[in-house]
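Structure first, commentary second.
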Amino acid sequence: KDMRTFMHRRVYSDPVAKAEEYKAEKLVEVLFDYFSRHTDELPAFLREMAVDDQSRIRAVCDYISAMSDRFAIAKYEELFIPKSWSVL
Numbered sequence: 009k010d011m012r013t014f015m016h017r018r019v020y021s022d023p024v025a026k027a028e029e030y031k032a033e034k035l036v037e038v039l040f041d042y043f044s045r046h047t048d049e050l051p052a053f054l055r056e057m058a059v060d061d062q063s064r065i066r067a068v069c070d071y072i073s074a075m076s077d078r079f080a081i082a083k084y085e086e087l088f089i090p091k092s093w094s095v096l
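Start counting the sequence shown at 9; every next residue gets the next number (our numbering).
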């Protein structure tokens, strides 16, 4: 019960967290779209699971749902944010 109260107060209802909710939803949508089209980039055990459309969707959902917030952000940055380079 204490954990539930804490989560509602500090996560689900917190104005700072709520302000980031839209960004988090978009991040998950973009990752889902990407990995749905690039199942070859899923971990091997999930690629093996993705034998038809329904299992492909399940594999992508399983992959994304297992990501920590930091890993999901890092994966998004790796895939979609250009890396800087130095010019000699």
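Quick reminder that beta carbons are idealized off the backbone N, C-alpha and C, glycines included. None of these values were measured; they are calculated from a predicted model.
Proximity below 8 Å, CB of residue i to CB of residue j
| i | j | result |
| --- | --- | --- |
| Ile65 | Ser94 | no |
| Ala32 | Thr47 | no |
| Leu39 | Ala74 | no |
| Leu50 | Tyr84 | no |
| Tyr42 | Leu87 | yes |
Neighbourhood of residue i by C-beta distance below 7 Å, restricted to the same chain and skipping five residues each side
| i | result |
| --- | --- |
| Val19 | Ala25 |
| Ser63 | Met57 |
Close Cβ partners of residue i (< 6 Å) along its chain, the five nearest in sequence each way excluded
| i | result |
| --- | --- |
| Ser76 | none |
Helix, strand or coil at residue i [DSSP, three-state]
| i | result |
| --- | --- |
| Val95 | coil |
If you scan the segment 52 to 88 from start to end, which runs of the alpha helix (DSSP H) of 4 or more residues do you find wholly inside it?
52 to 57, 61 to 73 and 77 to 88
Fully enclosed by the segment 16 to 55, which alpha helix (DSSP H) runs are 4 residues long or longer?
23 to 45
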